[in-house]
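For the protein sequence lines, the chains are Z, Y and G, in the order given.
Per full-length UniProt numbering, the very first residue in the first sequence carries number 1; after that it's consecutive.
Per full-length UniProt numbering, the very first residue in the second sequence carries number 1; after that it's consecutive.
Per full-length UniProt numbering, the very first residue in the third sequence carries number 1; after that it's consecutive.
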Amino acid sequence: MTLLSVEDLTVRFPSRFGELTAVEGVSLSIGPGEIHGLVGESGAGKSTIGAAVIGLLPHPGYVAEGRLRLGETDLRALSPRAAHRLRGDRISMIFQDPQTSLDPLMTVEEQLIETMQAHSDISRRAARERAVDLLEEIGIRDAESRISSYPHQFSGGMRQRVVIALALCTDPELIIADEPTTALDVAVQSQVLALIRRLADERGIGFLLITHDIGVIAQVADRVTVLRGGKVMESGATRQVLGQPAHDYTRDLMDSVPPIDRRLERFRVPGEGGGGARHAQDDRPAAQARRWLTAEGETEPVGLSLDEVTVRFAGARRGLWTREAPFVALDGVSLSVRPGSVLGLVGESGSGKSTLAKVITGLVSPASGQMSLGGEALPAAKARPRGHAARRLIQMIFQDPFSSLNARHDVGRILGEPLWLYGLEPDAKRRRALSAAMLDLVGLPADAIDKYPHQFSGGQRQRIAIARALLARPRFLICDEPTSALDVSIQAQVLNLLKDLQSLFGLTVLFISHDLAVVRQLADEVAVMQSGKLVEAGPTDQIFERPRADYTRDLLRLTPVMPAEWRAA
Amino acid sequence: MLDYIRRREGLWLFTRSPAAMIAALATVVIVGGALLAPWIAASNPYDLSTFSLIDGLKPPAWLPGGDPEFLLGTDDQGRDMISSILYGARLSLLIGLMAMLIATLLGVGLGLLAGYFGGWVDAVVMRVADVQLALPAILTALLIDGIARGVLPTALHQELRVPVLTLAIALSLWVNFARTARASVMVEKNKEYVQAAMMQGQHPLRVMGVHILPNILGPLLVIMTVDLASAILLEATLSFLGIGLPADSPSLGTLIRIGMGFLLSGEWWILWVPTAFLVALVVSINILGDFLRDLFNPRLR
Amino acid sequence: MAWFLIKRLAQSVLVMVAVAFLAFSLFRFVGDPVSQMTGVETSVEDRERLREELGLNDPFALQFLRFTGDLLQGDFGYSYRTRQPVGEMILDRLPATIELGVVALLISLVVGIPAGIYTALRPKGVTSQSVLLLTLVGVSIPTFVIGIMLIFTFGVWLNWLPTFGRGGTVEIGWWESSLLRPEGWRFLILPALTLGVYQLTLTMRLVRAEMMEVMRSDHIRFATARGVPWRRLHFRHALPNTMIPVITIIGLQFGGVIAFSIVTESVFQWPGMGLLFLESIRFVDIPVMSVYLVVIAFFFVVVNLAVDLLYVAIDPRLRVREAA
Chain Z
1 MTLLSVEDLT VRFPSRFGEL TAVEGVSLSI GPGEIHGLVG ESGAGKSTIG
51 AAVIGLLPHP GYVAEGRLRL GETDLRALSP RAAHRLRGDR ISMIFQDPQT
101 SLDPLMTVEE QLIETMQAHS DISRRAARER AVDLLEEIGI RDAESRISSY
151 PHQFSGGMRQ RVVIALALCT DPELIIADEP TTALDVAVQS QVLALIRRLA
201 DERGIGFLLI THDIGVIAQV ADRVTVLRGG KVMESGATRQ VLGQPAHDYT
251 RDLMDSVPPI DRRLERFRVP GEGGGGARHA QDDRPAAQAR RWLTAEGETE
301 PVGLSLDEVT VRFAGARRGL WTREAPFVAL DGVSLSVRPG SVLGLVGESG
351 SGKSTLAKVI TGLVSPASGQ MSLGGEALPA AKARPRGHAA RRLIQMIFQD
401 PFSSLNARHD VGRILGEPLW LYGLEPDAKR RRALSAAMLD LVGLPADAID
451 KYPHQFSGGQ RQRIAIARAL LARPRFLICD EPTSALDVSI QAQVLNLLKD
501 LQSLFGLTVL FISHDLAVVR QLADEVAVMQ SGKLVEAGPT DQIFERPRAD
551 YTRDLLRLTP VMPAEWRAA
Chain Y
1 MLDYIRRREG LWLFTRSPAA MIAALATVVI VGGALLAPWI AASNPYDLST
51 FSLIDGLKPP AWLPGGDPEF LLGTDDQGRD MISSILYGAR LSLLIGLMAM
101 LIATLLGVGL GLLAGYFGGW VDAVVMRVAD VQLALPAILT ALLIDGIARG
151 VLPTALHQEL RVPVLTLAIA LSLWVNFART ARASVMVEKN KEYVQAAMMQ
201 GQHPLRVMGV HILPNILGPL LVIMTVDLAS AILLEATLSF LGIGLPADSP
251 SLGTLIRIGM GFLLSGEWWI LWVPTAFLVA LVVSINILGD FLRDLFNPRL
301 R
Chain G
1 MAWFLIKRLA QSVLVMVAVA FLAFSLFRFV GDPVSQMTGV ETSVEDRERL
51 REELGLNDPF ALQFLRFTGD LLQGDFGYSY RTRQPVGEMI LDRLPATIEL
101 GVVALLISLV VGIPAGIYTA LRPKGVTSQS VLLLTLVGVS IPTFVIGIML
151 IFTFGVWLNW LPTFGRGGTV EIGWWESSLL RPEGWRFLIL PALTLGVYQL
201 TLTMRLVRAE MMEVMRSDHI RFATARGVPW RRLHFRHALP NTMIPVITII
251 GLQFGGVIAF SIVTESVFQW PGMGLLFLES IRFVDIPVMS VYLVVIAFFF
301 VVVNLAVDLL YVAIDPRLRV REAA
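Right, dumping it as structure tokens:
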């Protein structure tokens, strides 16, 4: 029996360049109690399919061809009025960000009751009772009193539960979940995924689970459809598709997914050319950049150490003389990065990882504690003069490649800036030549130098950011979630590049990530942080194989991954 | 990505928006006419020898009694309406533009400093802005003019009317720029390209001028356009109230005030011709501002 | 919440002190009070005695404190021009301006908010597009031109309504009101329209922009996906979220109403405070100017404090503490 059947769905977006086909000839079906994963990289058309099913395609998109049936109902034949009645009643939807999904001015109770009353003749009283029961069932303790709270009074994970309750309160047959756990931390993600699984099993609700995360699919989906460029690449039982991919694209995709249980020397990246850092022959510009980076004897690796560093942020004012207790972002953190090694720093959002990076780069001043770089004391924030050597020696690669480059400057200017700023190269012509050589080293074409950041993809921008960091001739590189905004195949390329550069130039690296699997691929040692404190630190293999702290064990256990045995055959 | 689309689509959207095109054309014609007034105007309203009382109160050319030499008629002094308007628009535009530019420099400068440094700098600038907001634009302009009247000797005040008026208008408009610039800076400051520049130890002035400023130009450009319109309106209003420019160097507002005297007599053109001209100018500038606003906020399209 | 209100109150007091200081500087430094109060025949000794009596030789800070103290006690000094107490002059003109401003603001809200909602919900409709173009013309026509056009149409051409001054008022104690007799309304309607039209266009455009912004937000998308009835979606979800930024701006617009009432009063010779202010500027009547300044700022501050209270009423995030 099928609940939802999609046949030959084609969705188009008219634009002045002609019609853009976002989804082309997609077919899939979902049965009651089935979780169907929809996976693909950005631009694959995942969300468009979900929006088409519930009838909320963003303007000016429209369903050009295909059949959409929910049970016996032809979804395309519905009048706008009937379609709106069906929404929430038979199909519900869960969005990505629980922070913004709820009306901030209305109590949770009011929102639940209005949704039920929109679809059935139920009294307020009865609706309220059902709402309380539902919240209890979904894991909100003390629902009877919590129900009259406003959304901002719930934490992120609880808010996503409220969102799920809203989607559930009318007993829908199908729920479309669009990246439902992407904004959540690992522990909450695992609870929400378990809840989704339970609802499918116990209530027989069908789920269309849209996500970019292969691990999430592996953990809960029964079947999976792999999309690329709006077309279905492969579809089938989850274990089959992920474990023994039949299609080349799926195979490449699975090769790019970093495994959490072992370290790969390099990712196998299809079509990775002979350019780039590793293969720089003497006649290529990249070799010039390499020579420049290793010239003048600055090749000795430097280490960094932090001693009892504490950072506090003043609490919000609550009255004339009262303030909330200050927020302790870093609580007596001591750690050291050995010269020439990679230290992986992991932790969930709010654990203080990024604050640590800001302390090292001098953007945030610590309340107490000492730092040293290469054996010399490293002054903090305001005490570090503008021309201090560490300003050059420490460079950083940021998370968001779309905001880390100045959109109004061309690449030549972006890359020339550190050379000029640090007085490394007074001659403008030579600055430009060197920038071009560096672009070759990070695997970008020579003509990139005259373009603007918006003309590049996310992965290419991240390469430009890496080139900018290298042009300061740094000895210590901080990478703050450098790949978390990138698609998994692009992530594999950037990680390969970082590995090559690190070993080539003996850089010391602090690699910050929430993604354990990524850290495993790069780090020699790992430090785990939780709410501003260092939980444990040690060699990578030891942390992953024999974690000592409960917190680390939980993180490893709860991170959704594909079971290793699937891969075997 | 959005930025890219925006650049390429700007011109295309422009050709697709008849209102914006007409407005741009009207603005160019009016500004061009005002700039070239000394060369294309039939007479010079400041120069008594170029017009004569004999030509007084002639209606527009197409009406009975009209003279083809004076296409839109003449006033009671025999001045050609078109010439008066061109010279008037010249003065109105000059004051409007200067006031807008001064307000931009002052407002953007203070807004950048407040947004970038935060803390007490921000507190001081924003409290001054609060005070300014409590005293609306017209009031501020009137007040400054009143002060100038009290402080300066009468002769000097007459001589300095244009700069005083410009300054009065500029000082009543800067808050808009300061608030917008401050809000934009506070958003940009947390973006990673600014963090990168700060981390490298670049001078705060360089970070503000070279990195942040070019990225917040969009919203500022919209305000510049809208405030140019406001400045022109404000000048016209002050002159209309008899506090702006005197009758011997008439701006558009002064011309309308003079025209008010003819509201009840038959010479309607002395009032309505400059009025229509002023409205056309301001409407055009506002339509362009609206177009720019949509352009920089693509989600509204 | 308490802290939010305390902070806003402190800011308001600060604004008032700054404005009082401005008014004081005006009073003290623009034109010498003594030469304004005396004639050419007054001897130097008499001038010096007057100077001493008025406390003009005291330290600056003391003079400012005395000035502020007088203001707080309702002692506003005497006009240079009419020699009357400024307080009485202002109080005399106050009702006219307040009634004009309130009626104009009501016109702008009662028409502007529904029109803004309508154009936001049907952005592509012909009606919306034409209304939108009309408002663009509306914000571009100077207030005094609107006034002239209304005078011309309803006063000169149709001869329906009076265009000059204020008539048909009823006295309630010291308050002279136009609102209680139809005759009063006949005088009030044109000035109020003139003042209201400009604010109306601003209100409408603002409500429209905010509403469209809110309609794109995630929680509206989610409510749509839950099948919440359209009416409820628009008026229970979108509208309250729209009102938060809108009431802020309306508070600020109050300043605009006061400012443009100067123009309107001048066009219609409406005997309000604005006209008084214009006259005082023409005659450099500093005491009236400075007191007017203080009164306007006071109104503005009070209205914006009221807006803050409204904020707290609408937004639970200011009312109820956040749970960690």
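Where a beta carbon is used, it is the ideal one built from N, C-alpha and C, also for glycine.
- Taking the Cβ atoms as the reference, residue 284 (chain Z) lies roughly 23 Å from residue 410 (chain Z), outside the contact range of under 8 Å.
- Non-local beta-carbon contacts of residue 150 (chain Z) in its own chain, meaning distances under 6 Å to residues more than five positions away in sequence, involve 107 in chain order.
- Its Cα nearest to that of residue 341 (chain Z), the residue Z:499 stands out among Z:499, Z:306 and Z:293.
- Unbroken alpha helix (DSSP H) runs of no fewer than 4 residues, entirely contained in the segment 23 to 88 of chain G, are found at 33 to 37, 44 to 53 and 60 to 72, following chain order.
- Annotated as proximal: residue 169 (chain Y) and residue 234 (chain Y), with beta-carbon spacing under 8 Å.
- Excluding its 5 nearest sequence neighbours in each direction, residue 278 (chain G) has C-beta neighbours in its own chain below 7 Å: 262 and 266, listed in chain order.
- A straight line joining the alpha-carbon of residue 253 (chain G) with that of residue 103 (chain Y) spans about 20 Å.
- At a cut-off of 8 Å, the C-beta of residue 227 (chain G) has a neighbouring C-beta in chain Z.
- In this structure, DSSP gives residue 382 (chain Z) a helical state, which the three-state scheme calls helix.
- When Cβ pairs closer than 8 Å are counted between the two stretches, the segment 69 to 87 of chain Z is seen not to touch the segment 20 to 27 of chain Z, the count staying below three.
- Assignment of beta-bridge partners to residue 177 (chain Z) by DSSP yields Z:94 and Z:209.
- Residue nearest to residue 202 (chain Y) within the set Z:430, Z:40 and Z:421 is Z:421 (criterion: CA-CA distance).
- For residue 256 (chain G), at least one C-beta of chain Y is nearer than 8 Å to its own C-beta.
- Counting along the chain, residue 274 (chain Y) sits inside the alpha helix (DSSP H) bounded by residues 269 to 296.
- With a threshold of 8 Å between beta carbons, residue 201 (chain Y) makes contact with chain Z.
- DSSP, read as helix, strand or coil, puts residue 175 (chain G) in strand.
- Residues of chain Z with a Cβ closer than 9 Å to the Cβ of residue 221 (chain G) are, in chain order, 56, 93, 95 and 101.
- A contact between stretches requires three or more CB pairs, one per stretch, nearer than 8 Å, and the segment 475 to 483 of chain Z meets this requirement with the segment 390 to 404 of chain Z.
- Assigned with DSSP and collapsed to three states, residue 73 (chain Z) falls in strand.
- Relative to the Cα of residue 555 (chain Z), the nearest Cα in the group Z:562, Z:543, Z:565 and Z:566 belongs to Z:543.
- Taking the beta carbon of residue 79 (chain G) as reference, no residue of chain Y falls within 8 Å; the closest one sits roughly 14 Å away.
- Under the 10 Å beta carbon count, residue 358 (chain Z) is surrounded by 16 or more other beta carbons and is classified as buried.
- Taking 8 Å as the cut-off, the beta carbon of residue 34 (chain G) is found no closer than this to the beta carbon of residue 62 (chain G).
- Beyond the five residues adjoining it in sequence on each side, residue 223 (chain G) comes within less than 7 Å, by CB distance, of 233 and 237 in the same chain, given in chain order.
- Under the 8 Å criterion on CB atoms, residue 104 (chain Z) is classed as interfacial with respect to chain G.
- Contact check between the segment 244 to 258 of chain G and the segment 286 to 298 of chain Y: fewer than three CB pairs, one atom from each, fall below 8 Å, which does not count as touching.
- Residue 238 (chain Z) sits close to residue 223 (chain Z), with the two beta carbons spaced by under 8 Å.
- DSSP places residue 163 (chain G) outside both helix and strand once states are collapsed to three, so it counts as coil.
- The Cβ atoms of residue 525 (chain Z) and residue 343 (chain Z) sit closer than 8 Å to each other.
- The three-state secondary structure of residue 452 (chain Z), taken from DSSP, is coil.
- Taking a contact to require three or more Cβ pairs closer than 8 Å, the segment 298 to 307 of chain G and the segment 127 to 147 of chain Z do not qualify as touching.
- For residue 327 (chain Z), no chain Y residue has a Cβ inside 7 Å of its Cβ, as the nearest lies near 17 Å away.
- By the Cβ-count criterion, residue 154 (chain Y) is exposed, with fewer than 16 other Cβ atoms from all chains shown falling within 10 Å of its own Cβ.
- The beta carbon of residue 299 (chain G) sits closer than 8 Å to those of 254 and 258, all from its chain and outside the five residues before and after it, given in chain order.
- Judged by their CB atoms, residue 95 (chain Y) and residue 35 (chain Y) are not nearer to each other than the 8 Å cut-off.
- Interface criterion met: the Cβ of residue 142 (chain G) is under 8 Å from a Cβ in chain Y.
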